[in-house]
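Once you know that position 74 of the sequence shown is 109 in my numbering, the rest is easy, because the numbers rise by one and skip nothing. Don't be surprised by glycine CBs; every beta carbon is placed ideally from N, CA and C. Working notes for the structure below.
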Amino acid sequence: MIRPEGPCAIQSLRAARRIAPDRLDALIAGLRASAIASEGSPTAAVVRPAPSTIRPLVLFGWPTRARRVVLLLALTWALNLFDLGSTLSESRRHFFEELNPVASAILHLPAYVLVSYKAGLVLIGSVILLWLRRRHVAEMAAWLVFSAYVGVTLRWAAYYTHLLDTLQDPAINVCPVTGELRW
36 MIRPEGPCAI
46 QSLRAARRIA
56 PDRLDALIAG
66 LRASAIASEG
76 SPTAAVVRPA
86 PSTIRPLVLF
96 GWPTRARRVV
106 LLLALTWALN
116 LFDLGSTLSE
126 SRRHFFEELN
136 PVASAILHLP
146 AYVLVSYKAG
156 LVLIGSVILL
166 WLRRRHVAEM
176 AAWLVFSAYV
186 GVTLRWAAYY
196 THLLDTLQDP
206 AINVCPVTGE
216 LRW
């Protein structure tokens, strides 16, 4: 009888605990056959058990590609809601100018049309990226869309900063015709 010795024996015992009994019998038979075939040869064949099919649960490590795509899409939806809310609230001001030409044409229609337009576009893109979420191209596209929405959010931050500075300056808010302050 052949007995494994050294660190290989410890690895074999650890691996045997994770293998199902029917696979263990096939593995032992394969080990015996390779040991018989290698008898008499100067180098004995090293047979390693098949790798485990159990995937470790990632708790604190970097998430898988599919999870990263879902996370990026969730963040994109959050930034899209911020953009939509800002667009709807600022569109009622007389000095607001929409930079998106399609949204600018839709702003004169009822609010639900703009909401449907923006939500529909992001929904179609999200469904496509969720369908392809395990592919590299989907992750790159999700990063691209997310970075575009970060740019839109930074643009809104610059707009609100400029608006705050402008509204606090009485020289800018004086009506040239009447001389009254505009708020």
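Quick one: is T196 buried, meaning 16 or more other Cβ sit within 10 Å of its Cβ, or exposed?
Counting from 1 along the sequence shown, the entry for residue 196 is found at position 161. So T196 counts as exposed.
Give me the Cα-Cα distance between L142 and T111, rounded to the nearest whole angstrom.
Within the sequence shown, residue 142 is the residue found at index 107, counting from 1. Within the sequence shown, residue 111 is the residue found at index 76, counting from 1. Answer to the nearest angstrom: the Cα atoms are 22 Å apart.
Among W97, L119, V104, which has the Cα closest to the Cα of V187?
As a working note, residue 187 is residue 152 in the sequence shown. Answer by Cα proximity: L119.
With a Cβ-Cβ cutoff of 8 Å, do V162 and L114 count as a contact?
Here residue 162 refers to the residue found at position 127 of the sequence shown. Here residue 114 refers to the residue found at position 79 of the sequence shown. At a Cβ-Cβ threshold of 8 Å, V162 and L114 do not count as neighbours.
Helix, strand or coil, according to DSSP, for L144 in the structure here?
Taking the first residue of the sequence shown as position 1, residue 144 is located at position 109. Three-state result, L144: coil.
For the putative contact between A138 and L156, defined by C-beta atoms under 8 Å, what is the C-beta separation to the nearest angstrom?
Start at 1 with the first residue of the sequence shown, and residue 138 comes out as number 103. Start at 1 with the first residue of the sequence shown, and residue 156 comes out as number 121. That belief does not hold up - the Cβ atoms of A138 and L156 are roughly 10 Å apart, past 8 Å.
Quick check: the Cα distance between A109 and R102, rounded to an integer number of angstroms?
Stepping through the sequence shown from its first residue, residue 109 is reached at position 74. Stepping through the sequence shown from its first residue, residue 102 is reached at position 67. Spanning the two alpha carbons is a distance of roughly 10 Å.
Residues of its chain near F131, where Cβ-Cβ distance is below 7 Å and the 5 sequence neighbours each way are ignored:
Residue mapping note: residue 131 aligns to position 96 of the sequence shown, counting from 1. These residues qualify, in order along the chain: E125.
Less than 8 Å between the beta carbons of W178 and L134, yes or no?
By one-based count along the sequence shown, residue 178 stands at place 143. By one-based count along the sequence shown, residue 134 stands at place 99. With respect to the 8 Å criterion, W178 and L134 are not classified as neighbours on the basis of their beta carbons.
C-alpha gap between V104 and Q203, whole angstroms
Numbered from 1 along the sequence shown, position 69 holds the residue referred to as residue 104. Numbered from 1 along the sequence shown, position 168 holds the residue referred to as residue 203. Rounded to the nearest angstrom, the two C-alpha atoms are 42 Å apart.
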